[in-house]
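J.:
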Amino acid sequence: MTSTTPNDTDVLDFWSGGAGRWRVERDGEVQYISDGRRTFYRDSNGAAVELSGRGIRMPWLTTHISPIDLVGQSGVLHQMTRDVIALTTPVPVRRDGRPAWSTLLGRPGLTITIDDRSGLIVELSSGRGFALTVTSLSSGPVDDDAFAWPWPGNPPVEEVISDRQRTIDRSAILEAITSAVDRRTEVLAAIASSTVVDDARTAVAGLLGTDEAGTDAVLAMQLRKFTRFEREKIRDEAENLRALLDNANDATNG
Numbered sequence: 004m005t006s007t008t009p010n011d012t013d014v015l016d017f018w019s020g021g022a023g024r025w026r027v028e029r030d031g032e033v034q035y036i037s038d039g040r041r042t043f044y045r046d047s048n049g050a051a052v053e054l055s056g057r058g059i060r061m062p063w064l065t066t067h068i069s070p071i072d073l074v075g076q077s078g079v080l081h082q083m084t085r086d087v088i089a090l091t092t093p094v095p096v097r098r099d100g101r102p103a104w105s106t107l108l109g110r111p112g113l114t115i116t117i118d119d120r121s122g123l124i125v126e127l128s129s130g131r132g133f134a135l136t137v138t139s140l141s142s143g144p145v146d147d148d149a150f151a152w153p154w155p156g157n158p159p160v161e162e163v164i165s166d167r168q169r170t171i172d173r174s175a176i177l178e179a180i181t182s183a184v185d186r187r188t189e190v191l192a193a194i195a196s197s198t199v200v201d202d203a204r205t206a207v208a209g210l211l212g213t214d215e216a217g218t219d220a221v222l223a224m225q226l227r228k229f230t231r232f233e234r235e236k237i238r239d240e241a242e243n244l245r246a247l248l249d250n251a252n253d254a255t256n257g
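Rendered as C-alpha cells:
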C-alpha cells in the first residue's frame, strides 16, 4: 500500500472480533473485511475483491506491506512468530504505555515486541529502517455490524463449492508447487531476474505452465518448502490427492 502521509508512514486501523472476523481501515476507508466466513479486500482500483478459501491466494496490491500481508493464518506476522527463532532472552519494555516483551529474532537486525496482556505483536523493526508499530491497543466489545459488508450495494452471491471441487483445486495447487520445488533452481533464478512482481508471475507461469492460482501459490511459497523434508511432504500430499480423485472417478464410472 502506498503511503498517504508526507513522512512515508501508513496508518491502519484494525478491529478483530474473534472467529476470523477482521476489519482494516486506512484513512477511514475499509481496505479489508471478514465476517469469519467470507473475506473481501479493496484492490488498487477501489473494487471489492473476494479472497477465495480454495487453495493459496496472495493478492499483490503493491510492493509495500498491506493488511492482507498482516492478518490471518497466512499473514507474515503469524508465519514469523511460528517459524522464526528468538536469539535473545526477551526483556521487559513498555510500548504505548503498556507492558511488553522484546527480543531479537533469528535474522540480523530484526526485533519483535509482544504485548504482555494480549500476546499480540505490537512492534516489528529491522536494521534497514523498516518498522511496524501498533498503537492505541484496546479491548472491549465490537458490534457485529463492524464486520458486515461495508461498501455500496450487496455482496456478490456466494459460490457454493463441493468437497470434490475443493480437492480438485487443492490438487492443482499442489501440482504447481511440486513442479516448483522440482525445478527450484530455475524458479528462483526466474524470480530473482524479475524487476517487479508481475514480471515474476509471467516468468514463473511460462516456466512451469501454471495457471493464475498455481502461479500465485508458487510466488507465495516460503523458502523452507525447498528443504528435503518439506519437498517430500508436498509430494506425499499431492500423490494422496491424486489417488483420492482417481478412486472417486473409478467409483463414478463404475
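Residue numbers (my numbering): 4 to 257.
No residue lacks a Cβ here, since even glycine has one placed at the ideal position from N, Cα and C.
On the CB-based measure, 16 or more other CB atoms within 10 Å of its CB, does Gln34 come out buried or exposed?
T.: buried
J.: Alpha carbon to alpha carbon, what distance is there between Glu161 and Ser174?
T.: 22 Å
J.: Since Trp152 sits in a beta bridge, which residues does DSSP pair it with?
T.: Answer by DSSP bridge pairing: none, since Trp152 is not bridged.
J.: The beta strand (DSSP E) spanning Leu15 covers which residue range?
T.: Secondary structure note for Leu15: its beta strand (DSSP E) is the uninterrupted segment Leu15 to Gly21.
J.: Any contact of the region 184-195 with the region 216-229, i.e. 3+ C-beta pairs under 8 Å?
T.: yes
J.: Closest to Gly143 by CA distance: which of Val199, Val14, Trp18 and Asp166 is it?
T.: Trp18
J.: Could you tell me which residues DSSP pairs with Phe43 in its beta bridges?
T.: Ile36 and Glu53
J.: Identify whether Ala251 lies in helix, strand or coil by the three-state DSSP scheme.
T.: Residue state for Ala251 is assigned as helix, using DSSP reduced to three classes.
J.: Closest by CA to Thr91, which one among Glu126, Gly109 and Gly209?
T.: Gly109
J.: At a cut of 8 Å, does the region 146-159 reach the region 37-48 through at least three beta carbon pairs?
T.: yes
J.: May I have the straight-line CA-CA distance separating Asp219 from Arg204, to the nearest angstrom?
T.: Cα to Cα, Asp219 sits roughly 7 Å from Arg204.
J.: Which residue from Gly31, Gly20, Trp25 and Thr181 puts its Cα closest to that of Asp13?
T.: Gly31
J.: Leaving out five residues before and five after Glu53 in sequence, what residues of the same chain have Cβ atoms less than 6 Å from its Cβ?
T.: Phe43
J.: Between the C-alpha atoms of Gln199 and Ile176, what's the straight-line distance to the nearest angstrom?
T.: For the sequence presented, residue 199 should be read as Val rather than Gln. Approximately 23 Å, taken between the alpha carbons.
J.: Can you tell me whether Ser141 is helix, strand or coil according to DSSP?
T.: Three-state result, Ser141: coil.
J.: Between the C-alpha atoms of Ala251 and Ser165, what's the straight-line distance to the nearest angstrom?
T.: 14 Å
J.: For Asn243 and Leu210, what's the separation of their Cα atoms in angstroms?
T.: 25 Å
J.: Give every residue of the same chain whose Cβ lies closer than 6 Å to the Cβ of Thr213, excluding the five residues on either side of it in the sequence, and list them in chain order.
T.: Around Thr213: Ala179.
J.: State the DSSP-derived secondary structure class of Gly29, mapped to helix, strand or coil.
T.: In the sequence as displayed, the identity of residue 29 is Arg instead of Gly. DSSP places Arg29 in strand when its eight states are reduced to three.
J.: Quick one: does the C-beta of Arg120 sit closer than 7 Å to a heavy atom of the ligand MG?
T.: No copy of the ligand MG occurs in the structure displayed, which carries no ligand at all.
J.: Just verifying my parser: in three-state terms, what is the DSSP assignment at Pro158?
T.: coil
J.: Starting from Ser174, trace the beta strand (DSSP E) in both directions and tell me its first and last residue.
T.: Ser174 -> not in any beta strand (DSSP E); alpha helix (DSSP H) instead, spanning Asp166 to Asp185.
J.: For Arg245, which residues in the same chain have their Cβ closer than 7 Å to its Cβ, ignoring the five residues on either side in sequence?
T.: Ser174
J.: Using the C-alpha atoms, what's the distance from Gly217 back to Gly132?
T.: 33 Å
J.: Might you give, ordered along the chain, the residues of its own chain that have their beta carbon closer than 8 Å to the beta carbon of Leu247, omitting 5 neighbours on each side?
T.: Thr170
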